[in-house]
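Numbers given in my numbering equal positions in the sequence shown, counted from 1, plus 594.
Don't be surprised by glycine CBs; every beta carbon is placed ideally from N, CA and C.
Some notes on the structure that comes next.
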Amino acid sequence: MPSPRLRFGALAAGLAALALAVPAAPAGAQGTPVGGTGSTFYLADGFDGVTTAEFTYGAADDDVYFGDWNGDGVDTPLVRRGGAYLVRQSNTTGGADAVFYYGDEADTVLAGDWNGDGVDTLMVRRGGAYYVSNSNVTGDADYVFWFGNADDTVLVGDWDGDGVDTLAVRRGGAYYVSNSNGTGDADYVFWYGNAGDEVLVGDWDGDGVDTLGVVRGNQFFLRNSTTTGDADQVFYFGLASDTPVAGDWNGDGRDTVGVRRPPAQPSDPKEIARLLLAERGWGDDQYNCLVNLWNRESGWRVNAGYTSGPYGIPQANPGYKMASEGADWVTNPETQIRWGLGYIEGRYGTPCAAWGHFQSVNWY
């Protein structure tokens with residue numbers, strides 16, 4: 595598949611002299627991957643905590659971006675799978691409306707409106723080098739520039755309201771902003787939030803300038819200027835386990851927030867076991883053997899037996915052996931099942947082999 599054309603030149607010092615030894619949490623904003631897992635999204639058109647749209651798109655483990663891919667003013671999802679990008683042009687459940695390829699599978703990718711035409715496109719990051727494409731079609735980079743250090747956390751936004759998205763480097767609670775997509779130093783620096791905060795970028799008041807929002811759990815702290823100071827707006831949305839995202843969901847020129855929700859975890863121990871078996875590459879045949887084995891051993895009861903003797907779903911003997919998988923081994927079926935599968939694999943190789951042994955001698 596095509597990848598950005600390499601161009602060569604002297605690497606400018608950029609922000610090297612400004613390096614800080616403070617780790618930064620990843621951003622989860624328009625322009626950067628959303629992060630988290632799940633294929634269900636909840637969007638809000640205001641800051642009152644009310645969901646105005648719910649939809650599913652992609653797979654739970656996809657890399658997801660939000661952007662205005664067709665210039666209609668509405669941000670919608672894009673799924674990345676390796677070097678392929680699957681674009682959805684509405685915030686509704688459905689398949690991809692367009693597919694294109696750009697860069698290499700190992701590339702770090704950003705999204706933004708790099709030329710001010712109202713359409714978000716992609717930029718590949720390789721260390722401190724950025725390969726910019728101004729169209730959502732398969733092809734080479736339109737130009738290349740350098741900014742910051744290879745290990746910097748990078749945000750995307752229109753920091754000066756000129757209609758062009760550019761970069762800001764985050765180092766702890768400090769942000770080094772560039773107002774042009776060219777090699778050089780930051781135009782200015784400001785501070786907001788704490789070093790460990792999750793950060794969003796958006797135009798919260800519709801003035802054309804992107805600013806920052808800090809997310810702590812399901813509480814959002816939005817600021818309407820890229821200056822050091824306190825939040826202008828504070829509200830709650832979604833669940834603490836959700837991953838936040840920002841975008842203009844209704845085309846009104848103002849960014850609001852949304853969340854990506856992880857898939858619900860099964861509570862039935864047998865369904866948990868099915869998922870954990872799949873992690874090890876075991877299919878339905880091994881699942882059926884395991885069901886038979888632990889039906890006989892414990893009836894799949896998490897509290898079967900005594901903790902000082904054979905205990906739990908796999909009947910670990912003594913039960914506290916399962917502490918090697920987690921301190922919650924007395925009550926958590928997942929912890930018990932993980933231990934049991936490890937025991938089976940180490941001693942018998944597969945659940946079917948363990949079930950065969952049990953049928954011969956009535957223990958395993």
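Hey, residue i and residue j are a contact pair by Cβ (cut 8 Å); roughly how many whole angstroms apart?
i, j, result
"G757", "N788", "31 Å between Cβ atoms; not a contact."
"D799", "R848", "7 Å"
"D759", "D707", "5 Å"
"A638", "F831", "6 Å"
"I931", "L870", "6 Å"
"P838", "V809", "5 Å"
Might you give, ordered along the chain, the residues of its own chain that have their beta carbon closer than 6 Å to the beta carbon of residue i, omitting 5 neighbours on each side?
i, result
"A705", "G625, Y659, G661, D714, L716"
"A623", "At A623 the pLDDT is 45, less than 50, meaning the model places this residue with poor confidence; the figure from the coordinates comes in the next sentence. Cβ neighbours of A623 beyond the five flanking positions: L794, V795, A840."
"A621", "Per-residue confidence for A621 stands at a pLDDT of 34, beneath the threshold of 50, marking its modelled position as unreliable; no derived number is given."
"G721", "A744"
"D842", "D669, D849"
"A615", "Below a pLDDT of 50, predicted positions are generally treated as unreliable, and A615, at 28, falls in that range; no measurement from the model is reported."
"R868", "Y881"
By Cβ distance below 8 Å, which residues in the same chain neighbour residue i in space, the five residues on each side in sequence not counted?
i, result
"G913", "G899, Y900, T901, S902, G903, P904, Y905, G906, W923, V924"
"G845", "D666, G667, V668"
"R675", "D656, D657"
"V828", "Q813, F814, F815, L816"
"D711", "G665, N728"
"T876", "According to the sequence shown, residue 876 is Trp rather than Thr. Correct list, in chain order: T944, P945."
"R874", "L935, E939"
Looking at the unbroken alpha helix (DSSP H) that takes in residue i, where does it start and where does it end?
i, result
"F952", "945–955"
"Q880", "878–891"
"R854", "It is not in any alpha helix (DSSP H) - R854 instead sits in the beta strand (DSSP E) that spans 850–855."
"E865", "863–873"
Ordered along the chain, which non-local residues of its own chain (more than five positions away) have a Cβ less than 7 Å from that of residue i?
i, result
"P627", "D657, V658, Y659"
"A654", "T631, G632, S633, P857"
"A618", "Annotation note: pLDDT 32 at A618 (below 50); position unreliable, coordinate value reported separately. Cβ within range, chain order: T747, R764, R765, G766, A789."
"Q859", "none"
"T929", "M916, E919, G920, D922, W923"
"A811", "Reading off the sequence shown, one finds Gly at residue 811, where the question assumed Ala. If we look at G811 and ignore the five residues flanking it on each side, its Cβ neighbours are A834."
"N549", "Nothing in the structure corresponds to residue 549, since the chain is present only between 595 and 958."
Where residue i and residue j are concerned, what is the direct C-alpha to C-alpha distance, given to the nearest angstrom?
i, j, result
"S861", "V851", "30 Å"
"D745", "F952", "53 Å"
"G790", "Q683", "33 Å"
"G761", "S772", "Note on residue identity: the sequence assigns Leu, not Gly, to residue 761. Approximately 6 Å, taken between the alpha carbons."
"G893", "L680", "45 Å"
"V673", "T822", "34 Å"
"V885", "W753", "58 Å"
"S918", "D836", "29 Å"
"G643", "W663", "26 Å"
"F649", "N730", "23 Å"
"A735", "G689", "27 Å"
"A947", "D879", "11 Å"
"Y651", "V955", "50 Å"
"D779", "I938", "58 Å"
"A723", "G697", "13 Å"
"D691", "Y636", "20 Å"
"P863", "F694", "41 Å"
"T805", "V783", "13 Å"
"P908", "N709", "60 Å"
"E865", "G934", "15 Å"
"N911", "V896", "14 Å"
"G776", "P671", "27 Å"
"E699", "R719", "12 Å"
"W740", "G755", "22 Å"
"Y537", "Y725", "Outside the displayed span of the chain (595 to 958) sits residue 537, for which this structure offers no information."
"A678", "T686", "21 Å"
"D801", "T645", "24 Å"
"D826", "V853", "21 Å"
"T702", "T820", "25 Å"
"W785", "G807", "12 Å"
"V738", "P927", "52 Å"
"Y942", "W949", "9 Å"
Over the uninterrupted beta strand (DSSP E) stretch that includes residue i, give me the two end residues.
i, result
"A840", "837–841"
"Y937", "Not the beta strand (DSSP E): Y937 falls in the alpha helix (DSSP H), residues 927–941."
"F814", "813–816"
"Q909", "Note, Q909: premise wrong, no beta strand (DSSP E); not H, not E."
"L806", "805–810"
"G796", "792–796"
"T634", "634–637"
"Y695", "692–695"
"A647", "647–650"
"V828", "827–830"
Comparing the C-beta of residue i with each C-beta of chain B, is any distance below 8 Å?
i, result
"G632", "Protein chains in the displayed structure number just one, and chain B is not present."
### Task
Return the chain-ordered ranges of every alpha helix (DSSP H) run that is complete within the stretch 697–784 and spans a minimum of 4 residues.
none
Just to confirm the assignment: which complete beta strand (DSSP E) runs, minimum length 3, are found wholly within the stretch 655–683? 657–661, 670–675, 678–681
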